[in-house]
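Start counting the sequence shown at 75; every next residue gets the next number (the working numbering). See structure below.
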Amino acid sequence: MQQRSVLVFFLFPVFISTGLFVNDAGTFFPMGTVEKIIYWISVWVSLWGIAFYLSKLLLKLCKFSTIRRALCFFVAIEISVWILRLLTPLMLAIIDRRRYFEPSYYASEIGYYPTNGDRLLEFVYYSSFPVAVWMAVNYLFIWFGINLYNQPQRSSEPAEKETAPSCNQPRIIQPVFLKNNPEIDPQDILVISAEDHYVNVITEKKSTLIHFRFSDCLSEMQNIDGIRIHRSHWAKKEAIEKVERQGRKTVVTIKTGLILPVSQTYVGCLEQLN
């Protein structure tokens with residue numbers, strides 16, 4: 075599946091550029107058929123690849139909201155267009171020297187002598203279409219759940235049904251959610267609490283908000299001897315100083331003085347502490 079999706083993803087610019095060279099888009103009459111094929115396939119495939127890798131790089135820095143992710147896509151595409159803006163004249167100079175190095179020849183086509191600004195506007199005009207299609211194809215792949223090139227694939231194995239609340243999660247070596255916070259030692263984590271789309275990772279020294287799903291976060295904490303006490307809270311066992319009832323509610327006190335509620339569903343998990 076991954077190999078097929080890679081092939082299909084990168085065939086899009088080839089097919090679209092084929093339609094452009096048949097239509098003489100942006101190249102005018104001086105170019106022959108072979109030159110137009112080389113020109114448009116080179117432009118589209120280059121833009122496609124540059125934008126794809128740049129967006130991956132930028133998304134690592136902009137993973138906090140949909141708006142920021144969209145901004146990263148936009149910035150990646152714009153940078154790609156400007157990179158191609160620098161490379162395209164070199165390619166055109168090889169294909170058609172007269173157009174880019176003899177202003178009088180170009181003037182005979184458009185009626186006046188071109189400036190660098192004219193060439194820039196022309197390039198931006200004809201690159202806007204690849205940009206729009208690039209975004210559309212990306213969202214098309216995402217919409218249908220197709221794995222893109224060099225992206226992590228979902229497991230094909232069905233997930234096991236959870237028949238009862240689980241206090242512990244599958245064991246891993248190093249929590250991924252601490253990738254951008256290497257200063258936090260997993261062994262120092264006392265509490266993890268869910269806060270909207272973030273988790274609040276609490277140690278004795280500080281608390282840190284990290285953009286990560288709470289359930290995914292817990293699935294990476296089995297190498298730490300902890301316990302889930304609430305749908306929104308996980309605590310390290312040795313950090314729990316006492317468990318007590320406050321009216322109808324059960325609460326735990328962490329050694330930092332923090333008091334956390336215990337869901338009725340997870341009260342049974344606290345028996346492990348006795």
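Ideal Cβ placement from N, Cα and C applies to all residues, glycine included.
Going by C-alpha positions, Ser293 is about 18 Å away from Thr339.
Within the same chain, and ignoring the five residues on either side of Val336 in sequence, the residues whose Cβ sits closer than 7 Å to its Cβ are Ile303, His304, Thr324, Val325, Val326 and Leu344. One alpha carbon belongs to Phe288, the other to Gln320, and they sit about 26 Å apart.
Spanning the alpha carbons of Ile298 and Pro260 requires a straight line of approximately 7 Å. Ranked by how close their Cα comes to the Cα of His271, the residues Thr277, Asp262 and Leu283 have Leu283 in first place. Counting of Cβ neighbours within 10 angstroms places Gly331 among the exposed residues, the total staying below 16. If the five residues before and after Asn254 are omitted, its C-beta is found closer than 8 Å to the C-beta atoms of Ile284, all from its own chain and listed in chain order. For Leu292, the enclosing alpha helix (DSSP H) starts and ends at Phe288 to Leu292. By the 16-neighbour rule on beta-carbons within 10 angstroms, Pro249 is buried. Spanning the alpha carbons of Glu318 and Ala309 requires a straight line of approximately 15 Å.
Val275 sits buried, since 16 or more C-beta atoms from the chains shown fall within 10 Å of its C-beta. Following the DSSP letters along the chain, one finds Pro335 inside the beta strand (DSSP E) bounded by residues Ile333 to Val336. Residue state for Lys323 is assigned as strand, using DSSP reduced to three classes.
Of Glu315, Ala313 and Ile301, the smallest CA-CA separation from Gly342 is found for Ile301. Contact between His307 and Val265 holds: CB atoms are separated by about 7 Å, below the 8 Å threshold. When beta bridges are read from the DSSP output, Ile276 appears opposite Val265 and Ser281. Relative to the Cα of Glu269, the nearest Cα in the group Ser281, Glu312 and Arg322 belongs to Ser281.
When only Cα atoms are considered, Ser120 and Thr277 end up about 47 Å apart.
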